[in-house]
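Working notes, beginning with the structure itself.
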Amino acid sequence: MEAMERLSKCVQERPAELKRLRDGGIKVIGIVGLGYVPEELIYASAAIPQRLIKGGQREAIDDSREYCHGSFSTFHKAQIGYLLSGKEPVYNSLDYLVVESGDWNSEMVGMYVYFYRKLPTTWLGVPGNPEFDGALSYYITGLGRLRDRLEELTGSKASEEKLREYITLYNEMRDLLKNISYLRKHPSPPIGGLDFIKLNHYSFYCEPHKYVDGLKSVYAELKGSEGEYPADAPRIAIFGCPIAQSDYVLPRLIEDAGGVIVTEELSGGIRHYEANTKVHGDMMGNLAHRYYLGRARDVYKYPWGDELPSMFTRLVDDYHVDGVIWYQLMYMVGNSMLGYVVSKRMKEKGIPMMTIQSEYDLQGRLESNKTRIETFIEVVKQYRKRR
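In this note's numbering, the protein residues as written are 757 to 1143.
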């Protein structure tokens, strides 16, 4: 797809773009976390948000060992490696860092970077239990403090008009991602999970107006095209830990083996697109409701109750999933616990499920993982015949 190829260039061109913006006096704000920091607020403050979402490279894990212990989460060790090694141009371009306080791993990334790199940092409090009295007001207060710091940093006010402008733009972005994802509900999907995950990741690198224009073209191409995958291809869901930008070994192996990834829930590894932000009334309050309450409960929001496990079963039903692969990064304990709960739900539904563990070493164990996934795809095919 030509539109997809154009958007893919955003990743390649991002370092030069950030340098040009910084040379023009624009501040670049790095974001560490699971998606609770509203990028709309940063743009409205005349700064550039840069979600730190890169991963999949063993070298970054090795670079982190100088600074942190080995039993730290794989994804977050990679962030430390990129932020402190000086080898990753996008990560070298940051003027400021915003860290979500709620996920211990993200908090520690902020601590290491603040201590070793002396990068100015703000922690945004994200209470673990949204039903607790005062949780929402605590989060709203944190957003207000973040806005104050951004305005002080840029010298520009995040007005209601600017907030509404970017809220509207991001709503359109999420609607387009949702519409493209929903095309995978078709018996013969026009796009698979590998391309959709990449497309989602481009949203963290492209200027949002340019990205939305590109998404419109992608959606138009896909909506009018024939299915890319045959109707009898096993329909696979990937659930679990974040699949980072450039960590594409697993989805590629699945689709090379004859499966098609029709849905995913990857914690902070993709941009969540189901919920939008209201554009009337108090913009800061609207952002708080969307980013804290409006999106699906994740692994770090307790108690899970039935809401979180049921989200996975709903995705399996909505996308007509035949089999589930759980992606488990090392030392992400909460996700491992959730994987056990989800495996029980899948067993009750009669859906085959397997777990793939990684410390960004899948490429080094390519043949063994390829064999495991090919075998799983064959199991799913047999399951479909019996169903």
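For each residue, glycine too, the CB sits at the ideal point set by N, CA and C.
Alpha-carbon spacing of I806 relative to Y975, whole angstroms | Here the sequence assigns Gln to residue 806, which means Ile is not the residue at that position. C-alpha separation (whole angstroms): 25 angstroms.
Between M929 and V882, is the Cβ-Cβ spacing less than 7 angstroms?
-> For M929 and V882, no; Cβs fall outside 7 angstroms.
So L797 and A987 are in contact, right, with Cβ under 8 angstroms, and what is the actual spacing, rounded?
-> Rounded, the Cβ-Cβ distance is 44 angstroms, inconsistent with contact.
Is the region 988 to 995 close to the region 828 to 842, with three or more CB pairs under 8 angstroms?
-> Remark: fewer than three beta-carbon pairs, one from each stretch, lie closer than 8 angstroms, so the region 988 to 995 and the region 828 to 842 are not flagged as touching.
Looking at the structure shown, is Q1084 part of a helix, part of a strand, or coil, going by DSSP?
-> When DSSP states are grouped into helix, strand and coil, Q1084 belongs to the strand group.
So the beta strand (DSSP E) M1110 belongs to, where does it begin and stop?
-> M1109 to S1114
DSSP beta-bridge partners of A993 = T1019 and V1080
Name the two residues that bound the continuous alpha helix (DSSP H) containing G970.
-> P964 to K979
CB of H832 to nearest heavy atom of the ligand MG: below 6 angstroms?
-> Only the bare structure without any ligand can be found here, which leaves the ligand MG out of the picture.
Would you report the Cα separation of E844 and F960, rounded to the nearest angstrom?
-> Distance between the alpha carbons of E844 and F960 is about 16 angstroms.
Does P990 come within less than 7 angstroms of chain C when only Cβ atoms are used?
-> Annotation note: the requested chain C is absent from the structure, which comprises a single protein chain.
Can you tell which of A800, V1135 and G890 has its C-alpha closest to the C-alpha of G1079?
-> Its Cα nearest to that of G1079, the residue V1135 stands out among A800, V1135 and G890.
Measure the Cβ-Cβ separation of V788 and V855 and say whether it is below 7 angstroms.
-> yes
P805 - containing beta strand (DSSP E), residue span = I804 to R807
Out of A800, Y922 and S1023, state which residue places its alpha-carbon closest to the alpha-carbon of Y1056.
-> S1023
Pairwise C-alpha distance: F831 and Y823 | 15 angstroms
I1010 versus M1088 - alpha carbon distance | 23 angstroms
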